[in-house]
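In what follows, a structure is listed as structure tokens, so that the remarks can point back to it.
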Amino acid sequence: NNPDAPNKPVGVMMVYNNTPASVMALKKSGIKTPADLNGKKMGAPVFDAGRRAFPIFAKANNITGFQWTAMDPPLRETMLARGDVDAITGFTFTSLLNLEARGVKAEDVVVLPYADFGVRHYGNVVIASPKFIKENPAAVKAFLQAFTKGVKDVVADPAAAIEFVKARDGIINVPLEVRRLRLAIDTVVNSPDARAEGFGQVKGPRLTLMASQVSDAFGTKTRVNPDAVWNGSFLPTAAELNVLPTPKK
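Position one of the sequence shown corresponds to residue 29 (the working numbering), numbered consecutively onward.
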């Protein structure tokens with residue numbers, strides 16, 4: 029929300045309807061709810077999305093007195109497993125599987141998703157610069173149509189999608205990446221909120237709330253204007269955006 033920024037990107041398609049950011053702690057720490065984070069040592073890289081949004085999570089849950097320990101990304105889960113920090117922030121589908129790779133079972137981890145505790149933020153979004161939108165509107169529209177088709181195929185068959193990744197990067201752990209992709213789809217792409225709002229789209233009141241939370245938590249120079257960060261006019265038709273199946277029970 030820098031008023032002096034020369035070229036501010038605009039969201040044109042929502043991909044992660046919910047932020048994947050979560051607080052994760054080991055059950056043996058005794059942390060069960062956000063209130064238990066008071067006075068605890070938190071860990072995350074300084075640029076981590078969950079850490080940057082933590083002031084909003086903290087304000088929503090009256091968390092005070094915590095302290096941060098910074099580290100390189102590969103050390104985050106290691107430091108939690110070792111007990112160097114009490115809790116970490118990160119994307120659930122990244123940190124949970126990274127902890128498992130370090131010998132920590134999923135059932136031994138407490139996950140506090142931001143989306144479940146007062147942070148009604150959208151997550152990752154397709155963006156474009158105002159200049160590109162103005163000069164290439166047909167390209168923006170065509171890209172979003174192609175991207176939507178890709179999302180439909182990936183959601184329908186995550187394992188097949190990972191095979192395309194393997195063709196480009198032969199050293200990936202296929203079973204692990206299939207699990208990661210399925211977890212991402214289930215938690216932020218094909219979530220209840222996403223099915224209610226429709227893939228690719230946003231709801232005005234929720235976007236306004238998000239803008240207000242960001243403005244308050246970060247003390248921005250000017251209030252974030254939700255109308256200035258979103259342009260949904262290039263989205264495919266409702267029929268084309270109907271890519272999210274109802275999960276099987």
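By construction, the Cβ of each residue, glycine as well, lies at the ideal position given by its N, Cα and C atoms.
Which residues in the same chain as residue i place their Cβ atom closer than 8 Å to its Cβ, once the five residues preceding and following it in sequence are excluded?
{"i": "residue 197", "result": "none"}
{"i": "residue 191", "result": "202"}
{"i": "residue 269", "result": "176, 226, 227, 228, 229, 263"}
{"i": "residue 200", "result": "190, 193, 194"}
CA-CA distance, residue i and residue j?
{"i": "residue 271", "j": "residue 213", "result": "12 Å"}
{"i": "residue 233", "j": "residue 254", "result": "10 Å"}
{"i": "residue 161", "j": "residue 168", "result": "7 Å"}
{"i": "residue 266", "j": "residue 59", "result": "43 Å"}
{"i": "residue 37", "j": "residue 172", "result": "16 Å"}
{"i": "residue 263", "j": "residue 175", "result": "11 Å"}
{"i": "residue 139", "j": "residue 128", "result": "14 Å"}
{"i": "residue 87", "j": "residue 235", "result": "18 Å"}
{"i": "residue 170", "j": "residue 216", "result": "24 Å"}
{"i": "residue 211", "j": "residue 181", "result": "16 Å"}
Quick check on the burial criterion: 16 or more other C-beta atoms within 10 angstroms. Buried or exposed for residue i?
{"i": "residue 105", "result": "buried"}
{"i": "residue 183", "result": "buried"}
{"i": "residue 281", "result": "Nothing about residue 281 can be read from this structure; the chain reaches only from 29 to 277."}
{"i": "residue 66", "result": "exposed"}
{"i": "residue 85", "result": "buried"}
{"i": "residue 250", "result": "exposed"}
{"i": "residue 187", "result": "exposed"}
{"i": "residue 81", "result": "buried"}
Flag this pair as yes or no: are the beta carbons of residue i and residue j separated by less than 7 Å?
{"i": "residue 90", "j": "residue 219", "result": "no"}
{"i": "residue 239", "j": "residue 230", "result": "no"}
{"i": "residue 107", "j": "residue 71", "result": "yes"}
{"i": "residue 148", "j": "residue 117", "result": "no"}
{"i": "residue 114", "j": "residue 57", "result": "yes"}
{"i": "residue 35", "j": "residue 123", "result": "no"}
{"i": "residue 179", "j": "residue 39", "result": "no"}
{"i": "residue 50", "j": "residue 97", "result": "no"}
{"i": "residue 48", "j": "residue 245", "result": "no"}
{"i": "residue 208", "j": "residue 103", "result": "no"}
{"i": "residue 152", "j": "residue 43", "result": "yes"}
Based on Cα-Cα distance, which residue from the options lies nearest to residue i?
{"i": "residue 135", "options": "204, 207, 193, 55", "result": "55"}
{"i": "residue 154", "options": "246, 259, 61", "result": "259"}
{"i": "residue 99", "options": "81, 92, 75, 87", "result": "75"}
{"i": "residue 206", "options": "189, 217, 221", "result": "189"}
{"i": "residue 92", "options": "181, 111, 77, 62", "result": "62"}
{"i": "residue 185", "options": "132, 275, 52", "result": "275"}
{"i": "residue 237", "options": "112, 141, 150, 132", "result": "150"}
{"i": "residue 141", "options": "204, 159, 242, 77", "result": "77"}
{"i": "residue 111", "options": "248, 223, 53, 217", "result": "53"}
Could you check if residue i belongs to the surroundings of the ligand SAH, using beta carbon to heavy atom distance under 6 Å?
{"i": "residue 60", "result": "Among the ligands in the structure shown, none appear at all, so the ligand SAH cannot be discussed."}
Going by beta carbon distance, what residues of the same chain come within less than 6 Å of residue i, once the five residues before and after it are set aside?
{"i": "residue 95", "result": "69"}
{"i": "residue 73", "result": "101"}
{"i": "residue 132", "result": "109"}
{"i": "residue 64", "result": "none"}
Here's a check: name, in chain order, each residue in its chain whose Cβ is nearer than 7 Å to the Cβ of residue i, leaving out the five neighbours to either side.
{"i": "residue 225", "result": "45, 231"}
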